[in-house]
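Chemist:
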Amino acid sequence: MSTDFDFPGFADDFEPPPEGAYDEVPIDDPAPAVDPGIAAPAEPTGALSAQMEGFVARAMDKRISQEADAIAAAKFEEMLTPELHAQLQEAAQARLVAQLAAALEIPDDPEPEPEPQMVFGSAEEFLRDWLAPTYRRQVTDTPSRVWCPQWWKHEEAVNRVEALWRAWEYLRLDAKTGMSVWWRDHADHHMEKLFSGDGPFKACSAERGHKTSVQPLPTDKAPDALFPDQRET
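Numbering-wise, the sequence shown is residues 1 to 233 according to UniProt numbering.
1. Would the beta-carbon of R128 fall within 8 angstroms of that of F195?
2. Between the C-alpha atoms of F227 and K193, what's the straight-line distance to the nearest angstrom?
3. Could you tell me the distance, in whole angstroms, from the CA atom of F120 to the CA atom of F126?
4. Could you check what DSSP says for G209 in three-state terms: helix, strand or coil?
5. According to DSSP, is V97 part of a helix, a strand, or is it coil?
6. Please classify A157 as buried or exposed, where buried requires at least 16 other C-beta atoms within 10 Å of its C-beta.
7. In this structure, how does DSSP classify W147 when only helix, strand and coil are distinguished?
8. Within the stretch 108-132, note down every full alpha helix (DSSP H) run reaching 4 residues or more, in order along the chain.
9. Using a Cβ-Cβ cutoff of less than 6 angstroms, which residues in the same chain neighbour V139 once the five nearest sequence positions on both sides are dropped?
10. Assign H154 to buried or exposed, taking buried as 16 or more other Cβ atoms, counted over all protein chains shown, within 10 Å of its Cβ.
11. Grab me the residues of G178's own chain with a C-beta within less than 7 angstroms of its C-beta, minus the 5 sequence neighbours each way, in chain order.
12. How many Å lie between A86 and P114 at the Cα?
13. Grab me the residues of W165's own chain with a C-beta within less than 7 angstroms of its C-beta, minus the 5 sequence neighbours each way, in chain order.
14. Can you tell me the Cα-Cα spacing of M60 and Q89, whole angstroms?
15. Distance, Cα to Cα, D229 vs D220?
Rendered as structure tokens:
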């Protein structure tokens, strides 16, 4: 049995290369192993696409705005006749003059508020229409409290009622504590002096009416040098 084999493509006189002939031939490095725990790079997402669309939209808006400005400028130049240019200059000048005048204008002093009108025209009206009906006290058959129906015949009473009236007209304008101050510091103080049995109505009574007023305090005239007239200094 023959052991010779025929190999297609090889000549009969083919000799194999000597041993070690391919030792210096470089061999490509093997491909690195793939770690199954590392995910492959992600493909671009929809967010990046939306961002690019935004860039494009803004660029288009800017370009459209530039084109519109150019068209408007060209149209304005066509319409800007010498007459219209003169009118625009006059309007701008008038506006500037008005602004300068307003800036330099000195404001007028505000008008003073009108003085409040009095509620009562006199001390007598105040006592008759308001004080007597409001400040009620028992003045008959009460030795500790006296009153004179003709109070205006007593100078002290006239002055005290006048003070009560004017203080009331002033303090009523204070909506917070004005009337409280009037009652405490004015009404109670002066009315106590008028009601006093040793006050200006000492000889009078509500039943018998007015009697002779209490005599003035006795006094002697002092030397003029001690009290010079201040109106003449």
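Glycine included, each C-beta is placed from N, C-alpha and C at the ideal position.
This one's a predicted model, so the numbers in the text were calculated from it and none came from an experiment.
Modeler: Working from what's here:
1. no
2. 30 angstroms
3. 6 angstroms
4. strand
5. helix
6. buried
7. coil
8. 123-126
9. R145, W147, A206
10. buried
11. L171, R172
12. 51 angstroms
13. F120, A123, F126
14. 36 angstroms
15. 17 angstroms
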